[in-house]
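*Asks:* Mind looking over this structure? Questions follow.
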Amino acid sequence: MIVALAGGVGGAKLAVGLAAVLPPAELTIVVNTGDDFEHLGFTVCPDLDTVLYTLAGENNPKLGWGRAGETWNFMNEVKRLGGQDWFQLGDRDLALHVLRREALARGASLSTVMRDLAACFGVEHTMLPMSETPVRTVVKTKFGELAFQDYFVRLRCKPRVTGFRFAGAKAARVPDALARVLRERVDAVVICPSNPFVSIAPIVSVPAIKAWLKARTFPVIAVSPIIGGAAVKGPAAKMMRELGIKPNALEIARHYERNYGNAVDHWVIDQQDAKLISAIERMGKRVLVTDTLMTSRRKSAILARQVLGFARKQINV
Ligand code: GDP
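Structure below.
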């Protein structure tokens, strides 16, 4: 079994590759729910939905979120009627949100709702929320704390960040299906190229996941989300600069080491960053250097195959 930890865009792209090369029984994708929030009466789960839509091939690659072929009648009407329109929900997306709200109101767990939705989309691989109970990323700034989507969407990541916290993490309850995986024989964990601060950190803040990683006997391989000193998409590099960390793959490796003490055994970095190999190796890590920019499903599968080959080598040594 391979367990992948994923946020939205970068996570979903590698998840697609892993799903292309592994059978459903051999892959579990654990998805960040720290970005989730309540809006217009709905539970919005941006990363879960991005992973779902991307696995199903129904994502909107231009926007980086939401559905392909989307229409906006609902949102236009919300605006016309004076409702909040800073967070966009397309018509197709809305249908999913209505059904999710209905199922959650009936008492279904988030993981069950997502499992049933995944089945409707023909997604056979297992994707699980990191927690059944709410964990909410809070962004700390000089001017106080912001709920994640306030920071990310409403304020377009403009405020300077000083740190993060994950409200509800201490009491987070992993889905039963994830608890079973954590007890099973796991061959390797792959940390997808997702934002370390607001996609991976919330997952690792869940006590059951944190304890499982600490006591592990399997290798953890991480793919750097920073290529050539920049993020492919999103605020990861900006956050690093604001936190006084130089945005590059080496500093990402050091960040994981400092904050999660040996949580990552080996690194996959981009060919543009080959000059950083020896510094990362001096940290006691093995490094795979390759093209990590996933601009198509084919490239996602190629990278996934290389990451898994690298992981297998670490298991056999
Ligand atoms: P979010 O929750 O939607 O922001 O998604 P993630 O945290 O999963 O993804 C954001 C991160 O993915 C950013 O730091 C990007 O630099 C990184 N990323 C996106 N696409 C790629 C890619 O093709 N290759 C690599 N290496 N990183 C990527």
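When we follow the numbering used here, the leftmost residue of the sequence shown carries the number 8, and every step to the right adds one. The C-beta atom is built at its ideal place from N, Cα and C for all residues, glycine as well. The structure displayed is predicted, hence computed values, not measured ones.
Going by C-alpha to C-alpha distance, which of A237, A19 and D98 sits closest to A63?
*Replies:* Considering only alpha carbons, the answer is A19.
*Asks:* Looking only at C-alpha atoms, which of A229, I276 and T57 sits nearest to F128?
*Replies:* Closest option to F128, Cα to Cα, is T57.
*Asks:* Spatial neighbours of C52 within its chain, please: CB distance less than 8 Å, with the 5 preceding and 5 following residues excluded, ordered by chain position.
*Replies:* Contacts found: T40, D42, D43, R107, L117, M121 and P136.
*Asks:* D183 and I234 - do their beta-carbons sit closer together than 8 Å?
*Replies:* Going by C-beta atoms, I234 is not nearer than 8 Å to D183.
*Asks:* In the DSSP assignment, what are the bridge partners of W274?
*Replies:* W274 pairs with A229 and V294.
*Asks:* Would the C-beta of A308 count as close to ligand 1, meaning under 7 Å from any of its heavy atoms?
*Replies:* No, the Cβ of A308 stays beyond 7 Å of every heavy atom of ligand 1.
*Asks:* In the structure shown, what three-state DSSP assignment does I36 receive?
*Replies:* Note: I36 maps to strand in three-state DSSP.
*Asks:* Taking the beta carbon of W219 as the centre, do at least 16 other beta carbons fall within 10 Å, making it buried, or is it exposed?
*Replies:* So W219 counts as buried.
*Asks:* Among the candidates A27, S212 and R99, whose CA atom is the shortest distance from the CA of N80?
*Replies:* With distances taken between Cα atoms, N80 lies closest to R99.
*Asks:* On the premise that D277 lies in contact with T302, defined as a C-beta separation below 8 Å, what is that separation, rounded to the nearest angstrom?
*Replies:* That pair is no contact at about 13 Å.
*Asks:* Which class does T119 belong to by DSSP, given the choice of helix, strand or coil?
*Replies:* Of the three classes helix, strand and coil, the one that applies to T119 here is helix, per DSSP.
*Asks:* According to DSSP, simplified to helix, strand and coil, what is A63?
*Replies:* Reduced to three states, the DSSP call for A63 is coil.
*Asks:* Excluding the 5 residues preceding and the 5 following I322 in the sequence, name in chain order all residues of the same chain whose CB lies nearer than 8 Å to its CB.
*Replies:* So the qualifying residues of the chain are D194, A195, F225 and P226.
*Asks:* Whether or not the region 163-171 and the region 233-253 are in contact is what I'm after, with contact meaning three or more pairs of Cβ atoms, one per stretch, closer than 8 Å; do they touch?
*Replies:* Yes, the region 233-253 is in contact with the region 163-171.
*Asks:* Should the region 251-270 be regarded as contacting the region 174-192, the criterion being three or more beta carbon pairs within less than 8 Å?
*Replies:* Result no; under three Cβ-Cβ pairs closer than 8 Å.
*Asks:* Does at least one heavy atom of ligand 1 sit under 7 Å from the Cβ of M246?
*Replies:* Result no, Cβ not under 7 Å from ligand 1.
*Asks:* Given 7 Å as the limit, tell me if S231 has its C-beta closer than that to any heavy atom belonging to ligand 1.
*Replies:* Yes, since a heavy atom of ligand 1 falls inside the 7 Å radius drawn around the Cβ of S231.
*Asks:* Report the three-state DSSP secondary structure of T299 (helix, strand or coil).
*Replies:* T299: coil per DSSP, three-state reduction.
*Asks:* Do A237 and L257 count as a contact pair if the criterion is CB distance below 8 Å?
*Replies:* The answer is no: Cβ separation not under 8 Å.
*Asks:* For ligand 1, is there a heavy atom less than 7 Å away from the beta-carbon of V142?
*Replies:* Outside the cutoff, so no.
*Asks:* Let's test the definition: count the other Cβ atoms within 10 Å of the Cβ of A318 and tell me whether it reaches 16, buried, or not, exposed.
*Replies:* Its Cβ being crowded by 16 or more others within 10 Å, A318 is buried.
*Asks:* So which of K221, R180, A179 and A229 has the shortest CA-CA distance to S201?
*Replies:* Minimum Cα distance to S201 is reached at A229.
*Asks:* For ligand 1, is there any heavy atom lying closer than 7 Å to the beta carbon of L162?
*Replies:* No, ligand 1 has no heavy atom inside 7 Å of this Cβ.
*Asks:* What residue from Q91, S212 and T140 has the CA that sits closest to G114's CA?
*Replies:* Nearest C-alpha to G114: T140.
*Asks:* Pairing CB atoms from the region 21-41 with CB atoms from the region 201-212, are three or more of them under 8 Å?
*Replies:* The region 21-41 vs the region 201-212: in contact.
*Asks:* Check the DSSP bridge columns for T78 and list the partner residues they point to.
*Replies:* Its beta-bridge partners do not exist; DSSP assigns none.
*Asks:* Taking R170 as part of the alpha helix (DSSP H), name the residues at either end of that continuous run.
*Replies:* As written in the sequence, residue 170 is Gly, which differs from the Arg given in the question. Not the alpha helix (DSSP H): G170 falls in the beta strand (DSSP E), residues V168 to A174.
*Asks:* Look at A311 and L25 and say whether their C-beta atoms are less than 8 Å apart.
*Replies:* Going by C-beta atoms, A311 is nearer than 8 Å to L25.
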